[in-house]
Amino acid sequence: MNIVVCVKYVPDATADRKFEDDNTVDRVGVDGLLSELDEYAVEQALQFREKREGEDITVTALTVGPEKAVDAVRKALQMGADSGVHVVDDAIAGSDYLGTSLVLAKAIEKIKADTGADLVMCGMASTDASGSVVPAMLAERLGLPQVTLASVVESQGDQVRIKRDNEGSTEVIGATLPIVLSVTDQSGEARYPSFKGIMAAKKKPLETWSLTDLGLDAEQVGLSVAYTQVEDTTARPPRTAGEVVTDEDGSGATALVEFLASKKFI
Amino acid sequence: MSEVLVVIDHAEGEVKKPTYELLTIARRLGAPSAVFFGSPDQGDAVAEKVKRYGAAKVYVIDDAPIKGFLVAPKAEALQQLVEQASSNGDLAAILLPSTFENKEVAARLAIKIGSGLITDAVDVSAGSDGSAVTTQSVFAGNYTVQAKVTTGTPIITVKPNSAAPEEAEGAGAVEAFAATISDAAKGAQVVATQPRQSTGRPELTEAAIVVSGGRGTGGNFEPVEGFADSLGAAVGASRAAVDSGWMPHAFQVGQTGKTVSPQLYVANGISGAIQHRAGMQTSKTIVAVNKDPEAPIFELVDFGVVGDLHTVLPAARQQITDRSAAH
Ligand SMILES: Cc1cc2nc3c(=O)[nH]c(=O)nc-3n(C[C@H](O)[C@H](O)[C@H](O)COP(=O)(O)OP(=O)(O)OC[C@H]3O[C@@H](n4cnc5c(N)ncnc54)[C@H](O)[C@@H]3O)c2cc1C
Ligand SMILES: Nc1ncnc2c1ncn2[C@@H]1O[C@H](COP(=O)(O)O)[C@@H](O)[C@H]1O
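If you're matching them up, the sequences are chains G and S in order. Every letter in the first sequence is one number past the one before it in UniProt numbering, and letter 237, counting from 1, is 237. Every letter in the second sequence is one number past the one before it in UniProt numbering, and letter 15, counting from 1, is 15.
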């Protein structure tokens, strides 16, 4: 059995993220890394494999992104994934959800043709786009059920059960493999790569694919054919810091209440 | 006038406020048709409610055959509805309240009908040619982005509190829509649900006032909850408070929790990490109580108190109670 984990290379959230002149996300000028939320997906993929010791389960980390995006795959390999695939092509730049999900789906199909892929794992959202839609799009494109936002993942044979928080309840969802699964940051701390892991990662197979390798044309993806267009991006004016008072013998509460009253909240 | 589909957000026929916001927004683009996934018994009652906000039509899709199955059946039903609506006339947009479920429904629908998708809009308006232009707040609220769908029928998910609901009488004509759901769409199923106990406080994402607590509560949320109650507010929490097991995850505000955009947000014992900001930065007025004057949260506030939340909040609560007793 093969698990494909989709990992995205994103601009560091704690850095100064910005846009390019063509209103696409600056993915080169800002330091990037494996999306923290996808580390949870890698962790759950590894645990899935570890819990089912004795079975032949492999984990492939897959990313679609610019040159540097290979770092996301490398990190997944260091954490313990068995192999990696990086899809990179200038024509992909500026793709929206539909374009990105198309490339990912084609890559998954290619991996599936080689090794089988019964489980596609994703993070709950990318930390840059935060759409939480790519897993559902992959499921639609691959004709699979989707089981999303898991905080607990359990499996037996080809049955998968997850627990998740829904709007007003906690739910248990069941499905039969093959599926697309996404996990949240509630699913459990992701491991750090060990020294051994870092050394071992260097010898693991890592393939680089272009659009041609996936049987796709440049005209099918990228900014020029995106289904959506960003027309304008504006930096939010920094909030001008308001009044800050220091509490002394209850003065803070009085000032707070006066502020709230002046704004008609009480 | 072109038609705009608006998916109704409801719990057992109880229509939620974001639906009225969406109907208000939809009228900027065309004539709203509300889409009700639910029990046909409740169709008329729901129609009565949504017509007050301008729904010309109300499509009722019986959810009995698809209840408990995740996402895919709703996407199939919507695809069929979109096909019918497009063949009858011009379909300007499909609007859905931005919940996780709806975003996934929208995602599948976008692939099915080959349309562009925009998620988490905080505003939608008609551009110069009448088509939908969306506003989104991205990068933890540090950027505002204007976008539009260039291919297909725009599918847009809209966050709560994106517009003030405005009443406008619509015809509210009820139309049953019979969708055909494939077996393939029924691959993921809810096998158990445990409803969360209601706190009796307002819904976090819909509340006008949110009072949150973080690690600085030290696990004692009483001052936060008491203060919230004196303001009629919802209670929120930082991830640190959730990870410590002090509050359920449903209360988490931030990147991986809820995004809130209330009139007033009060952060107590919360440092103001970027991931927390992502969920509250667009609040109209921000107040913080924190004992560290250097806490980054103070960069955002309209008003701040450097002090211990365990003394400031109960005292403030007392004063608010005294005031309302005096009135
Ligand atoms: C991928 C990812 C996703 C994340 N998602 C979220 C998210 O959705 N939401 C979220 O909140 N965080 C999220 N985080 C975590 C975030 O980075 C911070 O760790 C978290 O917000 C810190 O919570 P805090 O402010 O309560 O705790 P701290 O940062 O520890 O701050 C506690 C504050 O309380 C103050 N304090 C202490 N005692 C008192 C007192 N008695 N009275 C008043 N003040 C006091 C301190 O001065 C301090 O400023 C995420 C992180 C990652 C990596
Ligand atoms: N370019 C990408 N490469 C690999 N995986 C991706 C990519 N974009 C999105 N994903 C996966 O889809 C999930 C949700 O992304 P999003 O819908 O953008 O929030 C992420 O957590 C990843 O697992």
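Cβ coordinates follow ideal geometry from the N, Cα and C atoms, glycine included. None of these values were measured; they are calculated from a predicted model.
query, result
"Cβ-Cβ separation, Gly13 (chain S) to Pro32 (chain S) (assumed contact under 8 Å), whole Å", "Actually they do not touch by this definition, with Cβ atoms about 19 Å apart."
"beta-carbon Leu117 (chain S) near ligand 2 non-hydrogen atom, thresh 7 Å", "no"
"Contact the segment 239–252 of chain G vs the segment 16–33 of chain S: 3+ CB pairs below 8 Å", "no"
"Ligand 4 heavy atom lying under 7 Å from the CB of Ile286 (chain S)", "Ligand 4 is absent from the structure shown, which contains only ligand 1 and ligand 2."
"Closer than 7 Å: Arg17 (chain G) CB and nearest ligand 1 heavy atom", "no"
"Start and end residues, beta strand (DSSP E) containing Val58 (chain S)", "Lys57 to Asp62"
"Rounded distance between the beta-carbons of Ile181 (chain S) and Pro73 (chain S), thought under 8 Å", "5 Å"
"Assigned exposure category for Met247 (chain S) - 16 Cβ within 10 Å defines buried", "buried"
"Alpha-carbon spacing of Thr14 (chain G) relative to Asp128 (chain G), whole angstroms", "11 Å"
"Within chain G, partners of Pro18 (chain S) - CB distance below 9 Å", "Within 9 Å Cβ-Cβ: nothing; Pro18 (chain S) doesn't reach chain G, min ~12 Å."
"Distance cut-off 7 Å: Ala273 (chain S) Cβ against heavy atoms of ligand 1", "yes"
"Selected residue, minimal CA-CA separation from Gln159 (chain G), among G:Thr184, G:Ala201, G:Ala136 and G:Leu119", "G:Leu119"
"DSSP bridge partner residues for Met124 (chain G) (one or two, in chain order)", "In DSSP, Met124 (chain G) forms no bridge with anything."
"Those runs of the alpha helix (DSSP H) which lie wholly inside the segment 101–147 of chain G and span at least 4 residues", "134–142"
"First through last residue of the beta strand (DSSP E) which encompasses Pro11 (chain G)", "Tyr9 to Pro11"
"Pair within 8 Å by beta-carbon distance, Leu300 (chain S) and Arg277 (chain S)", "yes"
"Contact with chain S by Glu231 (chain G), beta-carbon distance below 8 Å", "yes"
"Pairwise C-alpha distance: Val60 (chain S) and Gly43 (chain S)", "6 Å"
"Cβ-based burial, Val145 (chain S) [other Cβ within 10 Å; buried from 16]", "buried"
"Close-in-space but distant-in-sequence residues of the same chain around Glu92 (chain S) (CB under 6 Å, 5 per side omitted)", "The sequence as given places Ala at residue 92 (chain S); Glu does not occur at that position. Once the five neighbours on either side are set aside, the close Cβ partners of Ala92 (chain S) are Ser2, Val4, Leu29 and Gly30."
"Minimum Cβ-Cβ distance from Glu243 (chain G) to chain S less than 8 Å", "yes"
"Exposed unless 16 or more other CB atoms sit within 10 angstroms - verdict on residue 272 (chain G)", "What the structure shows of chain G is the stretch from 1 to 266, and residue 272 (chain G) is not part of that stretch, so it cannot be assessed."
"Closer than 8 Å to chain G by CB, Thr217 (chain S)", "no"
"Whole-number beta carbon distance between Val210 (chain S) and Thr217 (chain S), since they are thought to touch under 8 Å", "With 8 Å as the limit, Thr217 (chain S) and Val210 (chain S) do not qualify as a contact, their Cβ atoms being about 15 Å apart."
"Which residues DSSP lists as bridging Asn290 (chain S), in chain order", "S:Val306"
"Backbone secondary structure at Gln159 (chain G) - three-state DSSP", "strand"
"Chain-ordered chain G contacts of Glu83 (chain S) [CB-CB under 9 Å]", "Within 9 Å Cβ-Cβ: nothing; Glu83 (chain S) doesn't reach chain G, min ~16 Å."
"Chain-ordered chain G contacts of Ile274 (chain S) [CB-CB under 7 Å]", "Ala13 and Thr14"
"Min CB distance residue 269 (chain G) to chain S below 8 Å", "The question about residue 269 (chain G) has no answer here: the residues shown for chain G are numbered 1 through 266."
"Per-residue DSSP class, three states only, for Pro296 (chain S)", "helix"
"Pairwise C-alpha distance: Asp120 (chain S) and Ser126 (chain G)", "14 Å"
"Own chain residues within Cβ distance below 6 Å of Cys122 (chain G), not counting five before or after", "Cys6, Ala41, Pro135 and Ser182"
"Contact check, Glu67 (chain G) vs Val88 (chain G), beta carbons under 8 Å", "yes"
"Listed by chain order, chain G residues near Val71 (chain S) by CB distance under 7 Å", "Ala136 and Gln146"
"Under 8 Å (Cβ pairs) to chain S, residues found in the segment 146–179 of chain G", "Gln146, Val147, Thr148, Leu149, Ser151, Arg161, Asp165, Asn166, Glu167, Gly168, Ser169, Thr170, Glu171, Val172, Ile173, Gly174, Ala175, Thr176 and Ile179"
"Range of the contiguous alpha helix (DSSP H) that encloses Gly84 (chain G)", "Where Gly84 (chain G) is concerned, there is no enclosing alpha helix (DSSP H), although the beta strand (DSSP E) it sits in stretches over Ser83 to Val87."
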